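If you read the sequences in order, they're chains A and B.
Going by numbering that gives the first Met the number 0, the first sequence wraps up at 192, each residue one higher than the last.
Going by numbering that gives the first Met the number 0, the second sequence wraps up at 276, each residue one higher than the last.
Ideal Cβ placement from N, Cα and C applies to all residues, glycine included.
Computed from a predicted structure; not experimentally measured.
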Amino acid sequence: MLSLTDHVLSAESYTVRLFLALLHLPYNKIAADAYPGGEIVPVLRDGQTVLRDPGLILAHLSRSYDSAGSWLPAADAADVARWLAIAATDLAVLSEARRVAVLGAKGNLAVLNQKGRAALRTLDDHLAMRRLKGKDWMVGDGPTIADLAVFPHVMLSHDSGLGHEDYPAINLWQRRLRRLDGFTGMPGIPDYF
Amino acid sequence: MSVEAAALDQWYTLGALRDFPQGESRRRLLGTDLAISHIGDRFSVGDLPVRTDYGHLWTSLGTPRPLFDIPEVHEADRRRVYCGAVTVRASGLRLIENFLDLAHFPYVHSDVLGVEERPEVARYEVEQRRDVDELWATKCEFFQPRAAASAEGGQISQYMYRVVTPFNVMLYKTPPTAPNRWDMVALFVQPVEPDLSIAHPYMLVIDDSSTEAELVGFQQMIFLQDKIVLENQRPRLLPLQPGRETPTRADLSSVLYRRWLKEKQLRYGVEEPAAFA
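Right, here's the structure in full:
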């Protein structure tokens, strides 16, 4: 059985929990002492395979358990990979800001939030352009792991004081994502939008 | 901003002892920056009074009475669990009041500490114990589908609450594993600014089945569910004048808490009445 070393507050852990829920896959959850303890999360164990990178975990789960191939479509693999990379860099700034604002991590919150706003603007513009082409999701024709990799960083930005009032395309997109069968939230992601 | 004696003359935690590195570190309390020195197992905060009880560093900016007692800390079979400090953009008094509230369980902690089908708060008792200057709420009961990290299936949980200072509170609840004893969960609040607080949850529990990370994870999940609500409450500061917020029967402990703060003339984290005169 799949096992996930998990931390309830981690945006990266939530990405994996969300995908497992959307795939309706049972798994064994092991709580890690990521805060205050500093254990690294998430870690996915699938037989002999041990994966620590959220993007690699999403890709592995897609290849192994999504027989329809809709979450990582071959035709859009390069675009998906590009957004996985952005989720791990530009957008991860939002989660870094969250660690500073909520968990007392070292860092300059004002600078991180400024970068975070720029990342949200880029994402909002991308989603708005996609809508002009009649597309609801970040890549391709349906939801992919690109959407899932981005979603937690964006949705948890409230924790560092960044609201979504200025990002209407993000708002519409996140509402679509919440309606997916099997969707699960996490503390800090408001239920009321 | 000048801080009133009622707030200065209290003990406040600055964090768990183990979170202070050797040497100098800095914390902020009641709008004042503090330099903490940790050398060997000795702590000092300038020339302020210092205590190291309950695994936490305590100080005061005024002349406090003796630090409150937590007798459960001496019971050998209890596990001491530090849940990690969490910063919340809200008045510390709002944090304490939320901690005292049973009625939000089914809605904020749905399917964990309550279910929407059973929202009723049974009648409970509150009292101000004048001899020790503490507030107590007793005989509280609530149906909980998952009362603690070790819970399997629902139970009617018994609760007691004990407010020892305006910014320090603890609750006692029946643990799923030892129904004849009480788990203790404390919430020590470090008011940084009137509307910015650091919460230091600390547990003394009877649970030999959950791992440390499971206990911490459970408490953090509950706390983060509260955080988003706390940060969206308006006014940000706690109003004490009647009529600004309307309590119901279930808010008896909150009514007593607010009355007690008023009696103490506490103003830090309290909404200025003048703004609405």
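Cα-Cα separation, residue i to residue j
i             : j             : result
residue 26/B  : residue 108/A : 17 Å
residue 185/A : residue 163/A : 17 Å
residue 141/B : residue 251/B : 15 Å
residue 134/B : residue 160/A : 34 Å
residue 265/B : residue 191/B : 16 Å
residue 157/A : residue 130/B : 43 Å
residue 73/A  : residue 66/A  : 12 Å
residue 168/A : residue 123/A : 5 Å
residue 208/B : residue 79/B  : 14 Å
residue 41/B  : residue 22/A  : 53 Å
residue 62/A  : residue 68/A  : 7 Å
residue 195/B : residue 202/B : 23 Å
residue 247/B : residue 54/A  : 49 Å
residue 132/B : residue 163/B : 7 Å
residue 276/B : residue 261/B : Residue confidence is low: residue 276/B scores 48 on pLDDT, short of 50, so the model does not pin down where it sits. Its coordinate-derived value is still stated next. In a straight line, the C-alpha of residue 276/B is about 17 Å away from that of residue 261/B.
residue 2/B   : residue 32/B  : 14 Å
residue 120/A : residue 87/A  : 17 Å
residue 35/B  : residue 10/B  : 16 Å
residue 4/B   : residue 30/B  : 14 Å
residue 165/A : residue 200/B : 35 Å
residue 76/B  : residue 17/B  : 21 Å
residue 78/A  : residue 144/A : 11 Å
residue 289/B : residue 145/B : Nothing can be reported for residue 289/B: it is not among the residues displayed for chain B, which extend from 0 to 276.
residue 237/B : residue 94/B  : 10 Å
residue 183/A : residue 176/A : 10 Å
Residues that residue i contacts on chain A, provided the C-beta gap is smaller than 9 Å
i             : result
residue 88/B  : 100 and 160
residue 224/B : 186 and 187
Closer than 7 Å at the beta carbon, the chain A residues around residue i
i             : result
residue 195/B : Here the premise fails: no neighbours, minimum Cβ distance about 10 Å.
residue 150/B : Within 7 Å Cβ-Cβ: nothing; residue 150/B doesn't reach chain A, min ~15 Å.
Residue i, buried or exposed, once every other Cβ within 10 Å from all chains shown has been counted against 16
i             : result
residue 4/A   : buried
residue 189/A : exposed
residue 112/A : buried
residue 155/B : exposed
residue 171/A : exposed
residue 142/A : buried
residue 70/B  : exposed
residue 15/B  : buried
residue 167/B : buried
residue 172/B : buried
residue 169/B : buried
residue 268/B : buried
residue 46/B  : exposed
residue 12/B  : buried
residue 179/B : exposed
residue 96/A  : buried
residue 40/A  : buried
residue 65/B  : exposed
residue 6/A   : buried
residue 219/B : buried
residue 173/A : buried
Amino acids of chain B, ordered along the chain, whose beta-carbon sits closer than 7 Å to that of residue i
i             : result
residue 157/A : 227
residue 7/A   : 216, 219 and 220
Chain B residues whose Cβ lies nearer than 8 Å to that of residue i
i             : result
residue 103/A : 84, 86 and 197
Residue i: contacting residues in chain A (beta-carbon distance under 8 Å)
i             : result
residue 76/B  : Chain A residues near residue 76/B: none, gap ~22 Å exceeds 8 Å.
residue 192/B : What residue 192/B touches in chain A: nothing, since even the nearest Cβ is about 14 Å away.
residue 210/B : 30
residue 18/B  : 35
residue 213/B : 30
residue 81/B  : 35
Within-9 Å CB hit, residue i to chain E
i             : result
residue 185/B : The structure shown has no chain E; the protein chains it does contain are A and B.
Check: When Cβ atoms are compared, which residues of the segment 9-39 of chain A fall closer than 9 Å to chain B?
Finding: 29, 30, 31, 32, 33, 34, 35, 36 and 38
Notebook entry, point to check: Mind listing which residues of the segment 172-191 of chain A have their C-beta closer than 7 Å to chain B's C-betas, in chain order?
Noted result: 186, 187 and 189
Margin query: If the cut-off is 9 Å on Cβ atoms, which residues from the segment 238-261 of chain B count as contacting chain A, listed in chain order?
Written below: none
Notebook entry, point to check: Using 8 Å as the Cβ pair cut-off and three pairs as the minimum, do the segment 135-154 of chain A and the segment 13-21 of chain A touch?
Noted result: yes
Next item on the list: Indicate whether the contact test is met: 3 or more Cβ pairs, each with one atom in the segment 244-259 of chain B and one in the segment 108-117 of chain B, closer than 8 Å.
Entry: no
Margin query: I'd like to know if the segment 29-48 of chain B and the segment 96-106 of chain B are in contact, where contact means that at least 3 CB-CB pairs between them fall below 8 Å.
Written below: no
Note to self: Can you confirm whether the segment 125-140 of chain A touches the segment 32-44 of chain A when touching is taken to mean that 3 or more C-beta pairs between the two stretches lie within less than 8 Å?
What the structure shows: no
Checklist line | At least three beta-carbon pairs within less than 8 Å, the segment 185-204 of chain B to the segment 84-102 of chain B | finding: yes
Next item on the list: Kindly confirm or deny that the segment 119-130 of chain B and the segment 213-229 of chain B touch, where touching means at least three C-beta pairs closer than 8 Å.
Entry: no
Check: Would the segment 53-69 of chain B and the segment 214-227 of chain B be scored as touching if the rule is three or more Cβ pairs under 8 Å?
Finding: no
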